[in-house]
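Trainee: Numbered by my numbering, the letters in the sequence shown go through residues 9 to 412 in order.
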Amino acid sequence: MKRKNHGPDGPPPGSGASASGPEASNDRRSGGDDRRSDTTNHAVAGDRAPVTSPATDTQSFCFGENTTTVRYFSDPHTAVSPADSAGRGLTLCDRNVQHLVPEDTEPLILPGGEPAKRWAVVEQMLSEALDRGLTRASHFTVVGGGALCDAAAFAASIYMRGVAVELVPTTLLAMVDASLGGKTGINFRNLKNLIGTFHAAREIRICPATLESLSDREYFSGLAEVIKAAALGDATLLDLLDSDGEAVRARDRETVREMVHRSIAVKAGVVEADFRESGRRAVLNLGHTFAHALESSVGLGSWTHGAAVAWGIERALALGLHLGTTDPDYAARLAGILKRYGYARGPLAEVEPIDLVTAMRHDKKSGEDSLYFVIQSGPCNTAVLPVSDADVYVALAAPAVPAT
Ligand SMILES: NC(=O)c1ccc[n+]([C@@H]2O[C@H](COP(=O)([O-])OP(=O)(O)OC[C@H]3O[C@@H](n4cnc5c(N)ncnc54)[C@H](O)[C@@H]3O)[C@@H](O)[C@H]2O)c1
């Protein structure tokens, strides 16, 4: 990996990142994962080393009773159809990523993004699988963003009581978050991720080159989840984000590969310990209580999920500072990283604090009386804490956390 000091990171020429900034974009919402907070304090894996070294070509994790292997590729076509792929499979993709599928593969082409997460689309996948004669020994290969991965993995989990699924995530968010950990799902009656299963992918194939056609808006949405992973469990990744801004923005393939490898190790470490989300997995919700409230208050689609999460992480720092829990030096450092990548910080003019708190209370993941927040005292040191409404209002009104 290149290691350079770039000073304050401006976006690379032509990236468009500073012109709009992730928070200022206005197309469809990436959507969030469906995670539950609980009443327990959870220290994340703390300062422990990543599960595997970024130098290795594969990572392997145990989710429930299944093993997920993550493999890294430099050529998208090889990632979609690796030479050693065995057995009959159904390849699914959407039009935005069809160019990544080799010509001799006949994929089922589906809607991309959130429209994939509908029952009608799942039915289409199941029908195609049956028409092509897929058996329980077959597998689905999904090429696409988190939404298509969620929906197709759900279809795979119910076809003939479950067939294997292999994911080729093509957004940064899907690489570091959506493809990993076994949560599948579709939306139902306007409720996000209401219907779903736990069905971990047999294999996840990462190819940084697939990100080249991705918009800045979607790339920066995923980058927020990388920052979250770094804050939760990888001090080296935090250093990379701090010092390699230019390579990160330019989607330098080696840098992307290292970011993905390290982020996956952090998430997998948490999920392996709590696959079915009975407690500890809640720490992955860092920034999400604020983010979900923002997304539902301003209307789905106006912010990407990642941009909302980045703002939520900054507000969680403000809350932790107000409560006296968060180390001010750490808060300043993390706020500095968020600032350098152009994410929104501080109170937002477009939404009233009362609307945000009301949305938090409606969020099905909230506790019964208190609201629960993931708060960090420092890097890799995280807890889920009950917080009074009064303290939440103070945090929402607090100015942007001073950034170094
Ligand atoms: N299962 C989980 O644990 C989990 C975790 C986090 C998020 N999610 C889900 O992930 C979804 C969001 O996923 P996302 O952020 O990847 O976005 P997305 O899947 O909605 O994709 C966004 C857009 O990018 C396009 N796209 C994808 N890859 C592309 C590429 N390489 N080049 C050009 N265009 C490309 C898609 O066609 C789509 O239009 C949400 O539905 C969310 O619920 C699931």
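Ideal Cβ positions, reconstructed from N, Cα and C, are used throughout, including at glycine.
No experiment lies behind these values; they were computed from the predicted model shown.
(1) I'd like the list of long-range same chain contacts for residue 316, defined as Cβ closer than 6 angstroms, with 5 residues on each side in sequence excluded.
(2) Measuring only the C-alpha atoms, how far is residue 266 from residue 245?
(3) Is any non-hydrogen atom of ligand 1 found closer than 6 angstroms to the C-beta of residue 174, if you look at the structure I gave you?
(4) Looking only at its own chain, which residues have a Cβ that is under 7 angstroms from the Cβ of residue 412, when we skip the five neighbours before and after it?
(5) What are the complete alpha helix (DSSP H) segments, minimum 4 residues, inside the stretch 208-286?
(6) Report all residues from its chain with a CB closer than 8 angstroms to the CB of residue 3; omit the five preceding and five following residues, and keep chain order.
(7) Assess contact between the stretch 165-178 and the stretch 234-243, defined as three or more Cβ pairs (one per stretch) separated by less than 8 angstroms. Is contact present?
(8) Rounded to a whole number of angstroms, what is the C-alpha to C-alpha distance between residue 395 and residue 97?
(9) Quick one: is the Cβ of residue 5 within less than 6 angstroms of any heavy atom of ligand 1?
(10) Need the endpoints of the beta strand (DSSP E) that residue 79 sits in, please.
(11) How many Å lie between residue 179 and residue 329 at the Cα?
(12) According to DSSP, which residues form a beta bridge with residue 394?
(13) Is residue 191 near ligand 1, with its Cβ less than 6 angstroms from a heavy atom?
(14) In this structure, how does DSSP classify residue 150 when only helix, strand and coil are distinguished?
(15) Going along the chain, which residues of its own chain have a beta-carbon closer than 6 angstroms to the beta-carbon of residue 407, five neighbours each way excluded?
(16) Let me confirm a value: residue 157 is counted as buried when at least 16 other C-beta atoms fall within 10 Å, else exposed. Which label applies?
(17) At least one CB of chain D closer than 7 angstroms to the CB of residue 282: is that the case?
(18) So, using beta-carbon positions, are residue 264 and residue 241 closer together than 7 angstroms?
(19) Looking at the strands, I want to know which residues DSSP matches up with residue 309.
(20) Residue 169: which of 401, 183 and 146 sits nearest, CA to CA?
(21) Could you spell out where the beta strand (DSSP E) holding residue 125 opens and where it closes?
(22) Less than 8 angstroms between the CB atoms is what I'm expecting for residue 253 and residue 348, so what's the real figure, rounded?
(23) Pick from 326, 362 and 389: whose alpha carbon is nearest that of residue 413?
(24) Three-state secondary structure (DSSP) at residue 98?
(25) Taking the continuous beta strand (DSSP E) assigned at residue 66, which residues delimit it?
(26) Suppose the cutoff is 6 angstroms on Cβ atoms and the five residues either side in sequence are ignored; what does the same chain contact list for residue 202 look like?
(27) How many angstroms separate the CA atom of residue 425 from the CA atom of residue 258?
(28) Rounded to the nearest angstrom, what separates residue 119 and residue 332 at their Cα positions?
(29) State the DSSP-derived secondary structure class of residue 198, mapped to helix, strand or coil.
(30) By a C-beta neighbour count over all protein chains shown, 10 Å radius and 16 as the cutoff for buried, is residue 127 buried or exposed?
(31) Hey, how far is the Cα of residue 133 from the Cα of residue 87?
(32) Does the stretch 207-214 come into contact with the stretch 354-363, if we say contact requires no fewer than three beta-carbon pairs (one atom in each stretch) closer than 8 angstroms?
(33) Taking C-beta to C-beta, are residue 281 and residue 270 nearer than 7 angstroms?
(34) Can you say whether residue 336 is buried or exposed, counting buried as having 16 or more other CB atoms within 10 angstroms of its CB?
(35) Kindly identify the DSSP beta-bridge partner or partners of residue 176.
(36) Just verifying my parser: in three-state terms, what is the DSSP assignment at residue 32?
Mentor: The short version:
(1) The residue you call residue 316 lines up with position 308 of the sequence shown. The beta carbon of residue 316 lies closer than 6 angstroms to those of 299, 302 and 303 in the same chain, with the five residues before and after it left out.
(2) To locate residue 266, count along the sequence shown from 1; it is residue 258. To locate residue 245, count along the sequence shown from 1; it is residue 237. C-alpha separation (whole angstroms): 8 angstroms.
(3) Against the sequence shown, residue 174 aligns to sequence position 166. It does not: the Cβ of residue 174 is nowhere closer than 6 angstroms to a heavy atom of ligand 1.
(4) Position 404 of the sequence shown, counted from the first residue, corresponds to residue 412. Contacts found: 340, 341 and 344.
(5) As for any alpha helix (DSSP H) of minimum length 4 sitting wholly inside the stretch 208-286, the runs are 224-241, 243-251, 253-257 and 261-281, ordered along the chain.
(6) The requested residue 3 does not occur in the structure, where the chain is confined to residues 9 to 412.
(7) Judged by Cβ distances under 8 angstroms, the stretch 165-178 makes no contact with the stretch 234-243, as fewer than three pairs qualify.
(8) Position 387 of the sequence shown, counting from 1, holds the residue named residue 395. Position 89 of the sequence shown, counting from 1, holds the residue named residue 97. The alpha-carbon atoms of residue 395 and residue 97 are separated by roughly 49 angstroms.
(9) Since the displayed the chain opens at 9 and closes at 412, residue 5 lies outside it and no answer follows.
(10) Residue numbering aside, residue 79 sits at position 71 when the sequence shown is read from its first letter. From DSSP, the beta strand (DSSP E) with residue 79 extends over 74-80.
(11) As a working note, residue 179 is residue 171 in the sequence shown. As a working note, residue 329 is residue 321 in the sequence shown. Approximately 33 angstroms, taken between the alpha carbons.
(12) Residue mapping note: residue 394 aligns to position 386 of the sequence shown, counting from 1. Note: residue 394 sits in a beta bridge opposite 380.
(13) Stepping through the sequence shown from its first residue, residue 191 is reached at position 183. Yes; taking the cut-off as 6 angstroms, the Cβ of residue 191 has a heavy atom of ligand 1 nearer than that.
(14) For the purposes of this step, residue 150 is taken as the residue at position 142 of the sequence shown. Here residue 150 carries a strand assignment [DSSP, helix/strand/coil].
(15) Sequence index remark: in the sequence shown, residue 407 carries index 399 (1-based). So the list reads 354, once near-sequence residues are dropped.
(16) As a working mapping, residue 157 is identified with position 149 in the sequence shown. With 16 or more other Cβ atoms within 10 Å, it is buried.
(17) Considering every chain present, this structure includes no chain D. It has just one protein chain.
(18) Against the sequence shown, residue 264 aligns to sequence position 256. Against the sequence shown, residue 241 aligns to sequence position 233. Their beta carbons are not under 7 angstroms apart, which means residue 264 does not touch residue 241 by this criterion.
(19) One-based indexing of the sequence shown puts residue 309 at position 301. Beta-bridge partners assigned by DSSP to residue 309: none are found.
(20) The residue given as residue 169 occupies position 161 in the sequence shown. For the options 401, 183 and 146, the alpha carbon positioned closest to that of residue 169 is the one of 146.
(21) Position 117 of the sequence shown, counting from 1, holds the residue named residue 125. Note, residue 125: premise wrong, no beta strand (DSSP E); not H, not E.
(22) Position 245 of the sequence shown holds residue 253. Position 340 of the sequence shown holds residue 348. Correct: roughly 6 angstroms between the Cβ atoms.
(23) Here the chain comprises residues numbered 9 to 412, so residue 413 is not present and cannot be evaluated.
(24) Translated into the one-based positions of the sequence shown, residue 98 becomes position 90. DSSP places residue 98 in strand when its eight states are reduced to three.
(25) Taking the first residue of the sequence shown as position 1, residue 66 is located at position 58. Element bounds for residue 66: 66-71.
(26) Here residue 202 refers to the residue found at position 194 of the sequence shown. Cβ contact annotation for residue 202 (same chain, cutoff 6 angstroms, sequence separation greater than five): 196, in chain order.
(27) Examination of residue 425 is not possible in this model, given that the chain is present from 9 through 412 alone.
(28) For the purposes of this step, residue 119 is taken as the residue at position 111 of the sequence shown. For the purposes of this step, residue 332 is taken as the residue at position 324 of the sequence shown. C-alpha of residue 119 to C-alpha of residue 332: approximately 47 angstroms in a straight line.
(29) Along the sequence shown, one-based indexing puts residue 198 at 190. Looking at residue 198 - three-state DSSP - the assignment turns out to be coil, as it is neither helix nor strand.
(30) Here residue 127 refers to the residue found at position 119 of the sequence shown. Looking at its Cβ environment, which holds fewer than 16 other Cβ atoms inside 10 Å, residue 127 is exposed.
(31) Taking the sequence shown and counting its residues from 1, one reaches residue 133 at position 125. Taking the sequence shown and counting its residues from 1, one reaches residue 87 at position 79. Rounded to the nearest angstrom, the two C-alpha atoms are 21 angstroms apart.
(32) No, the stretch 207-214 is not in contact with the stretch 354-363.
(33) Start at 1 with the first residue of the sequence shown, and residue 281 comes out as number 273. Start at 1 with the first residue of the sequence shown, and residue 270 comes out as number 262. No. Outside cutoff.
(34) Here residue 336 refers to the residue found at position 328 of the sequence shown. By the neighbour-count rule (16 or more Cβ atoms within 10 Å), residue 336 is not buried but exposed.
(35) Stepping through the sequence shown from its first residue, residue 176 is reached at position 168. Under DSSP, residue 176 forms a beta bridge with 151.
(36) In the sequence shown, counting from the first residue as 1, residue 32 sits at position 24. With a pLDDT of only 35 at residue 32, under the threshold of 50, the placement of this residue in the model should not be trusted; the figure read from the coordinates follows. It is helical.
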